[in-house]
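Heads up, the sequence shown is in numbering that gives the first Met the number 0, so the first residue is 0 and it goes up one at a time.
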Amino acid sequence: MKKILLCLAFLAIHASANSCTKAWFEINAYNYFASNNRPYLDSTHQNELTYEIDEKYIYKNGVIDTIFKYHQKATTPGYIYAFNWEKGTLTLLHNGASAKISRETVNDTLIITQTETNQEIIKILDNYAERTFIKPSTGKVSVEKTFFSNDTLVVQTTSTYKSGETNTYKSITVIDPQDDSKCTEYDDEGEIRAQLEFTKNDKGYSIMYNMVQVTSPNYKEYFMIVPEEYTTAIRKQRPAPKISPKATYFDLLGRYKFSK
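Written out as structure tokens, the structure is:
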């Protein structure tokens, strides 16, 4: 009996997202710094008030290699962020600027240092993620902690300044009790901040994030890819869930097609 329970616990940990809150946790925790065959961000499409922004993420050897960004209203709408981990540089091809960047993994912690003045430390576990942003030039340190438990996601950000002043912001995302493909994000005052909707497709899933604390349209859609290795254990034990054959496809120009 103990072996069965341990097996079920292992499968639950390694299953891909099956609810809105779990998917939102993976997007916040893994993003484009995916590791160990975890889900990773493929692209985003954003409508912010009066303009649209599209981003596409390209990976090489398991790490982020290039980010393409198209900003509809920008003077020069196209941006390319090219990561060169071997030479330790990050180049923004929009204006030719570059910065030194390094990536180091120590146990379960990813450490990214940029230009020796900004440092980002990322720790990703199965139901917990922590990001620390350090800016020595201003003395500001921000720590973002993301917790996932019982279909509830809590994100807490604490910023400490050189003066000693500290600010803390917290958001809570809870599942819709009638529909686990939907969830609601509340701010630290208990007001609804956003409505989210989770949709599976043949490559992974997407999340539509709709801001409600604005008067004009403001939404962002995230497209995540779930690696085959991440779900192999589940498929060996039980049939894969049925997925619509009309999976969303996203290209760099923000156009949407459906592959049959």
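Here a beta-carbon is modelled for each residue, glycine too, at the ideal position from N, C-alpha and C.
Ordered along the chain, which non-local residues of its own chain (more than five positions away) have a Cβ less than 8 Å from that of residue i?
i      : result
ARG234 : Low local confidence applies: a pLDDT of 42 at ARG234 is under 50, so the model's placement there is unreliable, with the coordinate-based value given in what follows. Same-chain partners within the cutoff: there are none.
ARG237 : Since pLDDT at ARG237 reaches only 40, below the 50 mark, its modelled position is unreliable, and the value read off the structure follows with that caveat. There are no such residues.
Nearest to residue i by CA position, among the options, is which residue?
i      : options                        : result
VAL260 : THR156, ASP64, ASP41           : Residue 260 cannot be examined here, being either before or after the span of the chain that is shown, 0 to 259.
VAL213 : LEU48, TYR204, VAL105, ILE66   : LEU48
PHE132 : ASP150, THR159, ASP107         : THR159
ALA98  : TYR80, ILE191, VAL225          : TYR80
LYS134 : ILE120, ASN60, MET223, PHE147  : ILE120
ARG192 : ASN200, GLY203, TYR208         : TYR208
TYR168 : GLU25, TYR204, TYR185          : TYR185
VAL225 : ASP41, ASP178, PRO216, VAL153  : ASP41
THR165 : TRP23, GLU190, VAL142          : VAL142
ASN46  : HIS70, ASN60, ASN27            : HIS70
GLU228 : ALA22, LYS86, TYR39, LEU152    : TYR39
THR198 : ASP179, GLU190, THR183, GLY189 : ASP179
TYR78  : LYS86, ILE52, THR88, VAL153    : ILE52
ALA22  : GLY189, PHE146, GLU190, GLN177 : PHE146
Please state whether the Cβ-Cβ distance between residue i and residue j is less than 8 Å.
i      : j      : result
ILE111 : ILE123 : no
THR20  : THR172 : yes
TYR29  : ARG37  : yes
THR43  : GLU25  : no
SER18  : ILE174 : yes
VAL105 : TRP84  : no
ILE66  : TYR56  : yes
ASP187 : SER170 : yes
TYR204 : ALA16  : yes
LYS181 : GLU196 : yes
ASN126 : SER162 : no
Tell me where the beta strand (DSSP E) around residue i begins and ends.
i      : result
THR49  : Taken as a continuous stretch (DSSP letters only), THR49 belongs to no beta strand (DSSP E), as it is neither H nor E.
ALA16  : Neither: ALA16 is in no beta strand (DSSP E) and is coded neither H nor E.
SER170 : 165-175
ARG192 : 191-199
ARG130 : 127-134
ASP150 : Where ASP150 is concerned, there is no enclosing beta strand (DSSP E), given that its DSSP letter is neither H nor E.
THR183 : 178-185
ASP64  : 62-70
TYR78  : 77-83
GLN118 : 117-123
GLY87  : Looking at the DSSP string, GLY87 is not in any beta strand (DSSP E), and its letter there is neither H nor E.
TYR218 : 217-224
SER162 : Counting along the chain, SER162 falls outside any beta strand (DSSP E), and DSSP gives it neither H nor E.
ASN36  : Per DSSP, ASN36 belongs to no beta strand (DSSP E) and is neither H nor E.
ASN209 : 203-210
I'd like the list of long-range same chain contacts for residue i, defined as Cβ closer than 6 Å, with 5 residues on each side in sequence excluded.
i      : result
LYS144 : GLU129, GLN155
GLN118 : THR112, ILE133
Since I believe residue j is in contact with residue i (beta carbons under 8 Å), could you give me their beta-carbon distance rounded to a whole number of angstroms?
i      : j      : result
TYR50  : LYS72  : 4 Å
MET210 : ASN217 : 4 Å
Note down, in chain order, each residue of its chain lying with its Cβ closer than 7 Å to the Cβ of residue i, except the 5 sequence neighbours on either side.
i      : result
GLU307 : Absent from the model: residue 307. The displayed extent of the chain is 0 to 259, so no value can be given.
THR231 : Reliability fails at THR231, whose pLDDT of 48 lies under 50, so the model's placement of it is uncertain and the value that follows must be treated cautiously. The answer is none, since no qualifying residue turns up.
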